[in-house]
Amino acid sequence: MSFTLAIVGRPNVGKSTLFNRLVGKRLALVDDQPGVTRDLREGAARLGDLRFVVIDSAGLEMAEDDSLQGRMRRLTERAVDEADVCLFVVDARAGVTSADEYFADILRKRAKHVILAANKAEGRAGESGAMEAYALGLGEPLRISAEHGEGMDDLYRVLVPLAEQFEAANVQQVPETDITVSDDEDDDESWRPSAAKPLQVAVIGRPNAGKSTLINKILGEDRLLTGPEAGITRDSISVSADFMGTPIRIFDTAGMRKKARVTDKLEKLSVSDGLRAVRFAEVVVVLLDVGIPFEQQDLRIADFAETEGRAVVIAANKWDLEEDKPQKLNELREAFERLLPQLKGAPLVTVSARTGKGLDRLHNAILKAHEVWNRRVPTARLNQWLGAMTEAHPPPAPGGRRIRLRYMTQVKTRPPAFVVMATHTDKIPDSYQRYLINGLRLDFDMPGTPIRLTFRDQGTKNPYKAKADKINQSGALSKHKNRQKPKGV
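Going by our numbering, the residue at position 100 of the sequence shown is 94; the numbering climbs one at a time, nothing skipped.
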């Protein structure tokens, strides 16, 4: 998906009908009465060769209070703020109304890109209304009919150049992962954070763990909305900052509850948005509430970050509320090692988002995790280490077949990935793979980072067999010629 398109407009102008046409399904309820849509609905849209996310929104109302209409309007305004492109739909048959003019003014101030569409423009009845739409000052209106599919080619033509811009921007934002290692890159330091390439950090965790409060403290300003209620943040918001001298781009994400408890549609979108933020990050900070740490959902979140191959830092928040700090810290470390063995050695730090205490520890842990995530080990050292490991604990010999680990090399970083050339790789038990991975963590100082170890079957072939066969063949040919020589010659 290259960009997000939000369909906005006053009630009953055909937004949901257009949404259904773009996604190719009747996902949104459609009715003649206004106000059917009350929530944000997201779908995967398809228009020609374009693929993008489309959001159907509630009709824009003039209300600004806490009534249902006022809350619906605020939700739609949030979609306007976050969408890459807003498609402002007016009713060509009804003509431009005072509400259209009011909302056009809002879009000019808040939206990044606005496309004006005059819906229901088929036939003569819609011609005058489409002409009136010029007066809104949002450029040339597209004449469309969501009901009959007219004008979709014009919409495609306008979206193509915007899609190319967003595609290029997304490519720049996504961090490079699984980088191939070559011999001449051993001293490459290009991975270190810089102003042009800031370190990308995602803060994830359960609702009310203090994610937004922590980020506000890092930024030094109340940039994100916070409060005692759980679930205030509903979308992934990225903010650039200087974190103790390190340029970073930090993602605040929605709190992630157990899947069975997530019934609200918007919350489902928020959680999926948070998971996408993990894929944009290089380092993931899993924020725990120290009062109820390592609940099942915390473990799932940390495991997801590890599975995605991201460097992980565990941060226990609300440390200022703890009375017996040494005892609690020992309990945290014991639970971490027991419940998250796949992240053995990952940094575990204590912080207070409210007071800012422990931010220096968090900063150092993030930098350490990022450095380990980019670590390269020379092939010569790896093979010396492999020889010592196999001598100390030889691989098993199932069925009398001896497993030989012949050669090892690092093939990628971000996260570190290694390949071992071996025989009978299908017989190597998982326990022996864990033995090698734990050894890599310990001996090459790679705590906590995901390590990918692959065994590649070399078979039992002798690498010098071809050369030996050639020598044997030439020797046999020489003997044959000698036997063919007549006597006396």
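Backbone N, C-alpha and C define an ideal beta-carbon position, used for all residues, glycine too.
Bridge partners of I198 according to DSSP: V280. With contacts defined by Cβ atoms closer than 8 Å, G339 and P444 do not form a contacting pair.
As computed with DSSP, R137 is found in a beta bridge with A112. DSSP, reduced to helix, strand and coil, places A124 within a helical segment of the structure shown.
Taking the C-beta atoms as reference points, L12 is found no nearer than 8 Å to V154. The three-state reading of DSSP puts T407 in strand, counting E and B together.
Sixteen is the threshold: since fewer than 16 other Cβ atoms of the shown chains lie within 10 Å of the Cβ of H387, the residue is exposed.
In the DSSP assignment, P241 falls within the unbroken beta strand (DSSP E) covering 240 to 246. Under the 10 Å beta carbon count, T301 is surrounded by fewer than 16 other beta carbons and is classified as exposed.
By the Cβ-count criterion, E36 is buried, with 16 or more other Cβ atoms from all chains shown falling within 10 Å of its own Cβ. In this structure the region -1 to 12 touches the region 83 to 95; the number of beta carbon pairs closer than 8 Å is three or more. Restricting attention to beta strand (DSSP E) runs no shorter than 3 residues, the region 274 to 326 encloses them at 277 to 283, 305 to 311, ordered along the chain. About 6 Å separates the beta carbon of L282 from that of A203, a gap short enough to meet the 8 Å contact definition. Membership of L16 in the alpha helix (DSSP H) is indicated by the continuous run 9 to 17. Between the region 355 to 375 and the region 327 to 338, the count of C-beta pairs closer than 8 Å stays below three; the two stretches do not touch.
For the options V278, D437, P390, V413, the alpha carbon positioned closest to that of P423 is the one of P390. H418 and R408 have their C-alpha atoms some 29 Å from each other.
By the 16-neighbour rule on beta-carbons within 10 angstroms, K114 is buried.
By alpha-carbon distance to A416, the top candidate from L447, V74, K312 is L447. Bounds of the beta strand (DSSP E) holding V343 are 342 to 344. Separation of F82 and Q427 (C-alpha to C-alpha, rounded to the nearest whole angstrom) is 56 Å.
For R87, the closest C-alpha among the options E121, N432, L136 is that of E121. Taking C-beta atoms under 8 Å as the contact rule, V307 and A363 qualify, at a distance of about 5 Å.
Contact between the region 341 to 349 and the region 308 to 318 is present, with at least three C-beta pairs closer than 8 Å.
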